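Per the numbering used here, residue 15 is the first one in the sequence shown, and the count goes up by one each step.
What follows is a single structure, written as structure tokens, with notes after it.
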Amino acid sequence: TRNGVEFAVADLELAEFGRKEIRLAEHEMPGLMALRREYAEVFPLRGARVSGSLHMTVQTAVLIETLVALGAEVRWASCNIFSTQDHAAAAVVVGPHGSVEAPQGVPVFAWKGESLEEYWWCTERMLTWDGEGPNMILDDGGDATMLVHRGTEYEAAGVVPPAEEDDPEEWQVFLNLLRESLAADGQKWTRIGQGVRGVTEETTTGVLRLYQLAAQGKLLFPAINVNDSVTKSKFDNRYGIRHSLIDGINRGTDVLIGGKVAVVCGYGDVGKGAAESLSGQGARVIVTEIDPICALQAAMDGYQVTTLEKALPVADIVITTTGNKDVVMAEHMAKMKHQTIVGNIGHFDNEIDMAGLARYPGIRRINIKPQVDEWVFPDGHSILVLSEGRLLNLGNATGHPSFVMSNSFSNQVIAQIELFTKHEEYDNEVYRLPKKLDEKVARIHLQALGGELTKLTKEQAEYIDVDVEGPYKSEHYRY
Ligand code: NAI
């Protein structure tokens with residue numbers, strides 16, 4: 015704590031650099047800045063205590079300071095051990111008007127390269143407020159939401175179950191934290207769960223977890239699925255990845271992508287952006303899919319569709335985008351060509367069998383530099399694994415650029431306002447924002463790019479049965 019601001023970041027001295035990049039990012043985030051102007055005198059988040067778990071980048075700094083500008087108190091942690099940009103974290107702690115000696119910003123608990131213990135410690139600190147707990151959660155991937163839900167469940171049972179032997183290390187660390195917290199305060203997570211008015215969730219993987227909780231009747235508070243705003247998943251997941259996937263590969267390896275064979279596992283929104291990103295560099299892209307519709311889309315887009323097993327002998331780069339587990343296994347990696355680049359851009363590291371790789375008989379790991387490891391098999395061939403199998407665009411590079419994140423985060427801010435101010439109108443279910451707001455977010459960003467919209471005439475609007483002011487599409491329209 016310094017000047018009353020609690021924090022755990024790498025180096026507060028980096029704040030000045032962070033502030034400069036935040037200033038540049040603000041210009042590239044017109045949606046967030048428009049929301050600041052729109053609500054300049056209203057402070058719709060006054061009284062909100064937002065606990066946020068989302069990659070602590072420069073773009074997220076602009077999101078955090080938007081929430082603050084709208085009246086919220088905020089505490090923050092990153093949702094990934096490698097994704098923090100330390101200068102952004104420092105600048106948020108210092109705040110726009112504070113100094114390193116006297117910070118005036120937001121408590122942040124995040125640094126690049128946390129251990130798993132440190133990660134869960136940061137998440138816990140971010141959810142632990144002096145006095146009353148948080149009344150809003152802003153989540154990416156659902157770890158903060160999971161901590162509150164599992165904590166509540168185990169407090170009710172009075173016991174934390176033991177980890178199974180084959181549970182990932184992450185889960186064991188998580189259970190240990192809950193065990194300690196149960197011993198110290200048997201009601202901590204129950205109280206927090208009762209105080210939270212709602213959660214707004216950023217990504218596909220976190221949304222899946224929310225729908226599972228809701229289906230089991232276990233969701234403790236209402237949730238807004240931000241991911242499935244069209245201006246989020248059809249932009250961030252796709253065009254954001256198109257930018258940041260090759261950025262991560264380039265910064266990690268600097269291997270020429272043109273002419274290589276790249277395998278993209280999964281052809282959802284992220285997979286589509288990934289394939290475009292790699293083929294844009296001149297790679298020959300092969301797609302693997304389980305869903306015939308997405309597989310057919312890939313074929314129509316000109317990519318070969320086959321299985322990972324069949325693609326392995328020719329692959330130079332293998333990228334997972336599925337949000338599923340066990341997609342690239344140790345046996346696959348054992349059969350790859352020498353120095354094949356292996357990376358994941360989905361949310362969690364279980365897409366690539368990192369545990370199996372580490373256990374592979376005779377395997378050797380050579381760390382090349384942070385977030386780049388060469389794994390040498392006993393036969394002498396090796397593969398390059400980026401970010402230890404965690405999302406490589408945030409581990410090896412700096413994630414999506416500001417403009418696309420402005421779309422995503424505008425939806426986040428709107429969703430926070432909605433649940434904070436109208437939570438009584440919502441049940442403990444998962445909701446999406448109305449299409450009209452999606453169109454509003456798109457309108458702001460289109461304008462910033464100098465795009466000009468055609469206006470419907472009243473007669474045209476009647477003919478296609480929409481309002482002149484929108485929404486322009488039915489709920490089932492897929493974009
Ligand atoms: P999506 O559901 O649109 O796409 C996933 C695709 O993978 C689906 O088409 C599915 O059929 C396919 N798939 C599932 N299992 C498979 C398997 N075993 N082999 C081949 N294909 C398989 O999801 P979306 O939005 O594309 O997100 C994917 C992941 O990326 C999620 O974990 C999400 O949270 C994450 N994400 C990461 C971002 C980043 O910056 N790194 C940004 C946005 C999302």
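In this text, a Cβ means the ideal position worked out from N, Cα and C, and glycines have one as well.
For clarity, every value in this text was computed on a predicted model and none was experimentally measured.
Contacting residues, own chain, Cβ-Cβ under 7 Å from residue i (five flanking each side not counted)
i: residue 367; result: 340, 342, 343, 344
i: residue 456; result: 245
i: residue 193; result: 174
i: residue 308; result: 281, 282
Residue i beta carbon near the ligand NAI (any heavy atom closer than 7 Å)
i: residue 290; result: no
i: residue 112; result: no
i: residue 425; result: no
i: residue 359; result: yes
i: residue 346; result: no
i: residue 408; result: yes
i: residue 342; result: no
i: residue 92; result: no
i: residue 251; result: yes
i: residue 335; result: yes
i: residue 452; result: no
i: residue 413; result: yes
i: residue 303; result: yes
i: residue 218; result: yes
i: residue 255; result: yes
i: residue 247; result: yes
i: residue 280; result: yes
i: residue 405; result: yes
i: residue 465; result: no
i: residue 285; result: yes
i: residue 308; result: yes
i: residue 338; result: yes
Counted within 10 angstroms of its Cβ, other Cβ atoms place residue i as buried (16 or more) or exposed
i: residue 28; result: buried
i: residue 391; result: buried
i: residue 54; result: exposed
i: residue 492; result: exposed
i: residue 463; result: exposed
i: residue 198; result: exposed
i: residue 111; result: exposed
i: residue 381; result: exposed
i: residue 430; result: buried
i: residue 176; result: exposed
i: residue 236; result: buried
i: residue 39; result: buried
i: residue 478; result: exposed
i: residue 385; result: buried
i: residue 373; result: exposed
i: residue 353; result: exposed
i: residue 306; result: exposed
i: residue 474; result: exposed
i: residue 115; result: exposed
i: residue 179; result: exposed
i: residue 201; result: exposed
Assumed close pair residue i, residue j - CB separation to whole angstroms, cut-off 8 Å
i: residue 360; j: residue 240; result: Not quite, the Cβ-Cβ distance comes to about 17 Å (not below 8 Å), so this is no contact.
i: residue 196; j: residue 169; result: 6 Å
i: residue 371; j: residue 349; result: Not really, about 13 Å apart at Cβ, beyond 8 Å.
i: residue 150; j: residue 63; result: 7 Å
i: residue 278; j: residue 335; result: 6 Å
i: residue 162; j: residue 234; result: 7 Å
i: residue 35; j: residue 72; result: 5 Å
i: residue 401; j: residue 357; result: 7 Å
i: residue 287; j: residue 220; result: Rounded, the Cβ-Cβ distance is 19 Å, inconsistent with contact.
i: residue 437; j: residue 252; result: Wrong, their Cβ atoms sit about 31 Å apart, outside the cutoff.
i: residue 428; j: residue 451; result: 5 Å
i: residue 94; j: residue 446; result: The Cβ separation is near 25 Å, so there is no contact.
Own chain, CB closer than 8 Å to residue i, minus 5 neighbours either side, in chain order
i: residue 2; result: Because the chain in this structure spans residues 15 to 493, residue 2 falls outside the shown range and cannot be described.
i: residue 70; result: 90, 91, 92, 97, 98, 99, 102, 103, 106, 122, 124
i: residue 461; result: 44
i: residue 322; result: 277, 279, 302, 332, 341, 342, 346
Other residues of its chain near residue i: CB distance less than 6 Å, five sequence neighbours each side excluded
i: residue 85; result: 57, 59, 60
i: residue 443; result: 228
i: residue 77; result: 423
i: residue 328; result: 275
i: residue 21; result: 107, 121, 122
i: residue 42; result: 416, 417
i: residue 33; result: 105
i: residue 397; result: 347, 350, 354, 356, 389
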